[in-house]
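Colleague: With the working numbering applied, the sequence shown covers 19 to 203. From the three backbone atoms N, C-alpha and C, an ideal C-beta is built for every residue, glycine too.
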Amino acid sequence: MKWRGLFRLLHRDLGYTVVALTLAYGLSGLAVNHIDDWNPNYRFATREVNLGPLPAGTPAEQAAFVIQALRLPTARVRGHLQDSATVLRVFLHDGEEVSVNTTSGSGQHKLVERRPVLFQVNALHLNNLKGAWTYVADVFAVALMLLAITGASMMKGQAGFLGRGKWFVGAGLLVPVGFLLYLTL
19 MKWRGLFRLL HRDLGYTVVA LTLAYGLSGL AVNHIDDWNP NYRFATREVN LGPLPAGTPA
79 EQAAFVIQAL RLPTARVRGH LQDSATVLRV FLHDGEEVSV NTTSGSGQHK LVERRPVLFQ
139 VNALHLNNLK GAWTYVADVF AVALMLLAIT GASMMKGQAG FLGRGKWFVG AGLLVPVGFL
199 LYLTL
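1) Could you tell me which of 186, 99, 101, 112 sits nearest to residue 93, measuring between CA atoms?
2) In or out: residue 172 buried (at least 16 other Cβ within 10 Å) or exposed?
3) Measuring alpha carbon to alpha carbon, tell me which of 91, 71, 161, 106 ends up nearest residue 123.
4) Just how far apart, CA to CA, sit residue 84 and residue 73?
5) Suppose you measure from the CA of residue 97 to the CA of residue 115; what does that come to, to the nearest Å?
6) Does the stretch 160–174 come close enough to the stretch 26–37 that 3 or more CB-CB pairs lie under 8 Å?
7) Starting from the C-beta of residue 119, find all residues in its chain whose C-beta is less than 7 Å away, skip the five residues before and the five after it, and write them out in chain order.
8) Taking Cβ positions, are residue 100 and residue 134 nearer each other than 8 Å?
9) For the beta strand (DSSP E) containing residue 128, name the first residue and the last one.
10) DSSP puts residue 100 in a beta bridge; with which residues?
11) Is residue 170 closer than 8 Å to residue 158 when the C-beta atoms are compared?
12) Apply the 10 Å Cβ neighbour rule to residue 206 and answer buried if 16 or more other Cβ atoms are within range, or exposed otherwise.
13) Nearest to residue 95 by alpha carbon, out of 110, 89, 82, 81?
14) Output the distance between the C-alpha atoms of residue 117 and residue 129, rounded to the nearest integer angstrom.
15) In its own chain, which residues sit with a C-beta less than 7 Å from the C-beta of residue 132, not counting the 5 before and 5 after it?
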């Protein structure tokens with residue numbers, strides 16, 4: 019078998035193998051590129067709460083009342099703080115918090131929720147998992163480089179790299195080079 023035929027087989031089979039990861043990384047890349055406009059990992063909301071006046075007691079006892087009244091999972095509670103004479107704050111994991119006026123019982127529950135799918139693909143793309151995932155990501159990076167090389171070199175003649183391909187590769191190269199030049203000026 020000639021090398022172009024081998025490259026075609028490698029390109030096809032490797033391409034099929036990395037389709038799912040390519041889509042996941044592409045989706046994550048789009049989300050993370052716009053991180054200044056929105057948070058791609060979390061959704062934030064605020065819910066008004068009204069518990070009535072909190073019973074007299076220590077801040078810990080009042081925090082326990084808030085936790086029970088709002089049915090907050092105790093495993094998610096990180097602590098509490100008497101913010102002022104009339105404001106009690108209860109802190110939960112992932113940045114959630116409840117702030118309540120101890121006299122009136124009114125306040126706000128700041129909710130933080132993971133965005134489905136985006137949270138997971140961003141964790142993969144940004145290698146938050148570390149460990150074995152680092153090697154999977156490395157293999158994926160090498161696979162993408164092989165796809166680029168095999169894709170660029172499998173055609174011959176005018177349709178190949180030395181024909182019209184060099185112009186497309188050159189045009190594609192101008193984009194990052196142009197931005198790098200722009201950043202250094």
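Modeller: Straight from the coordinates:
1) Cα-wise, what sits closest to residue 93 is 112.
2) Burial state of residue 172 is buried, judged by a 10 Å Cβ sphere holding 16 or more other Cβ atoms.
3) Selected option, being the one with the closest Cα: 71.
4) If you take the alpha carbons of residue 84 and residue 73, they lie about 10 Å apart.
5) In this structure, the CA atom of residue 97 is about 10 Å from the CA atom of residue 115.
6) At 8 Å Cβ cutoff, the stretches touch.
7) These residues qualify, in order along the chain: 104, 105, 125.
8) Not in contact: residue 100 and residue 134 (Cβ atoms no closer than 8 Å).
9) Taken as a continuous stretch (DSSP letters only), the beta strand (DSSP E) holding residue 128 covers 124–132.
10) DSSP, once it has assigned bridges, lists 106 as partnering residue 100.
11) Not in contact: residue 158 and residue 170 (Cβ atoms no closer than 8 Å).
12) In this structure the chain extends from 19 to 203, so residue 206 is not present and cannot be described.
13) If you compare the alpha carbons of 110, 89, 82, 81 with that of residue 95, the shortest gap goes to 110.
14) Their backbone Cα atoms lie some 12 Å apart in a straight line.
15) 59, 60.
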